[in-house]
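Enquirer:
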Amino acid sequence: MEIDVIEEYAALYNYAEKLRISNRGSFLAGCRLILRLDGCYLKGIVKGELLTTVARDANNQMFPLAWCVVEVESTTSWTWFLKILKRDIRTPDGYGWTFISYQQKANWVGKCPNGLKGKGLQKAFWACVKAANVPCFEQMCVALEKEKKMVVVALSDENETWFCKAYFNYNAKCDSTDNNLAEAFNASIVQDRSKPIISTLNNIRLAFMERTVSKRKTILGWKGLCGPLIRAKLDKSIKESTKWNVHFNGNYGYEIMRGRITYIVNLER
Numbered sequence: 001m002e003i004d005v006i007e008e009y010a011a012l013y014n015y016a017e018k019l020r021i022s023n024r025g026s027f028l029a030g031c032r033l034i035l036r037l038d039g040c041y042l043k044g045i046v047k048g049e050l051l052t053t054v055a056r057d058a059n060n061q062m063f064p065l066a067w068c069v070v071e072v073e074s075t076t077s078w079t080w081f082l083k084i085l086k087r088d089i090r091t092p093d094g095y096g097w098t099f100i101s102y103q104q105k106a107n108w109v110g111k112c113p114n115g116l117k118g119k120g121l122q123k124a125f126w127a128c129v130k131a132a133n134v135p136c137f138e139q140m141c142v143a144l145e146k147e148k149k150m151v152v153v154a155l156s157d158e159n160e161t162w163f164c165k166a167y168f169n170y171n172a173k174c175d176s177t178d179n180n181l182a183e184a185f186n187a188s189i190v191q192d193r194s195k196p197i198i199s200t201l202n203n204i205r206l207a208f209m210e211r212t213v214s215k216r217k218t219i220l221g222w223k224g225l226c227g228p229l230i231r232a233k234l235d236k237s238i239k240e241s242t243k244w245n246v247h248f249n250g251n252y253g254y255e256i257m258r259g260r261i262t263y264i265v266n267l268e269r
């Protein structure tokens, strides 16, 4: 095993050059503009950490985008990785992209008095995080305040615009607010993380190349223009929308009402 590790490190630059030639720009065509960042430890003889970036595919499932091995997770290593990622996704300033880093929820919960204990409090908190727009977010904050006022204070102090969906850029086209996909990616490569460096990287690449081929075959069996997971979300929203009354103003505007709740929708904006 030690000999394999030494030999593979010696061949690492040649391996990287072959990847640059064969996989140039291969991911851009299928990637939505929302990325999740995470890191995990390598196991076995090879020490270090694997930094990962994961997106979502057309069926709301995992789309591994980029990964790299660094000596240790630090500001320097993350800066290096993100500079290369920024170059590869062809965005000089990051405009239009949404990044979800890990440990945001853990850091925030750590600042709350006694954390988020109780199902009622957790439900109210996630209702705030997943509110679709700012008015809904403010309304959910009122409900959260009834559960525990100090949680709302902590939420405001942490800057809710960083991890609440109401403030996400519309370009993201994704309603997910957590980092579960990146964690799922790390869990799927546990065995490969204990192998020599090139074997680790190559096995990850092959696994997700095969996954892409499998997903492409699955798409051929789809009925309609979207995947089954997306269709299930649409059906749920359609069912929920039947509880609302819609009034058309004759131009591009609508007034949506349900009980005492009213929203104005302008299709030109």
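Letter 158 of the sequence shown, counting from 1, is numbered 158 in full-length UniProt numbering, and no numbers are missing.
C-beta atoms are modelled at their ideal positions from N, C-alpha and C, and glycine is treated no differently.
1. For Cys136, which residues in the same chain have their Cβ closer than 6 Å to its Cβ, ignoring the five residues on either side in sequence?
2. Please report the residue range of the beta strand (DSSP E) in which Glu49 lies.
3. Buried or exposed for Met257, please, with buried defined as at least 16 other CB atoms from any protein chain shown within 10 angstroms of its CB.
4. Between the C-alpha atoms of Ile261 and Glu255, what's the straight-line distance to the nearest angstrom?
5. Using C-beta distances below 8 Å, list every residue in its chain close to Ala132, excluding the 5 sequence neighbours before and after it, in chain order.
6. Alpha carbon to alpha carbon, what distance is there between Arg32 and Asp93?
7. Measure the C-alpha to C-alpha separation of Ser194 and Leu267 and round it to an integer number of angstroms.
8. Are residue 290 and Asn179 close, meaning C-beta to C-beta below 8 Å?
9. For a test of the three-state rule: what should DSSP assign to Leu144, helix, strand or coil?
10. Figure out for me which residue from Gly39, Ile238, Glu71 and Phe63 has the closest Cα to the Cα of Gly48.
11. In whole angstroms, give me the CA-to-CA distance for Thr212 and Leu201.
12. Taking the beta carbon of Asp192 as the centre, do at least 16 other beta carbons fall within 10 Å, making it buried, or is it exposed?
13. Give me the Cβ distance between Ser77 and Leu51, rounded to the nearest whole Å; I'm assuming they're in contact under 8 Å.
14. Roughly how many whole angstroms lie between the Cα atoms of Ala124 and Pro196?
15. For a test of the three-state rule: what should DSSP assign to Asp192, helix, strand or coil?
16. Just the Cα atoms here: how many angstroms apart are Asn186 and Ile264?
17. Quick one: what does DSSP say Asn59 is sitting in, helix, strand or coil?
18. Measure the Cβ-Cβ separation of Met62 and Val54 and say whether it is below 8 Å.
19. Could you give the residue range of the beta strand (DSSP E) that holds Leu37?
20. Looking at the structure shown, is Glu268 part of a helix, part of a strand, or coil, going by DSSP?
21. Is Phe81 helix, strand or coil by DSSP?
22. In three-state DSSP terms, what is Val46?
23. Is Met1 helix, strand or coil when you go by DSSP?
24. Starting from Arg260, trace the beta strand (DSSP E) in both directions and tell me its first and last residue.
25. For Gly120 and Leu144, I'd like the C-alpha separation in whole angstroms.
26. Arg90 to Leu206, Cα distance in whole Å?
27. Tell me the DSSP secondary structure of Asn245 in three-state form.
Expert: According to the data block:
1. none
2. Glu49 to Arg56
3. exposed
4. 10 Å
5. Lys165, Ala166 and Asp175
6. 17 Å
7. 53 Å
8. Residue 290 is absent from the model: the chain starts at 1 and stops at 269.
9. helix
10. Glu71
11. 17 Å
12. buried
13. 7 Å
14. 46 Å
15. helix
16. 43 Å
17. coil
18. yes
19. Ile34 to Tyr41
20. coil
21. helix
22. coil
23. Residue placement at Met1 cannot be trusted, given a pLDDT of 45 that sits under 50; the coordinates are not used to answer.
24. Element bounds for Arg260: n/a, residue is neither H nor E.
25. 9 Å
26. 25 Å
27. strand
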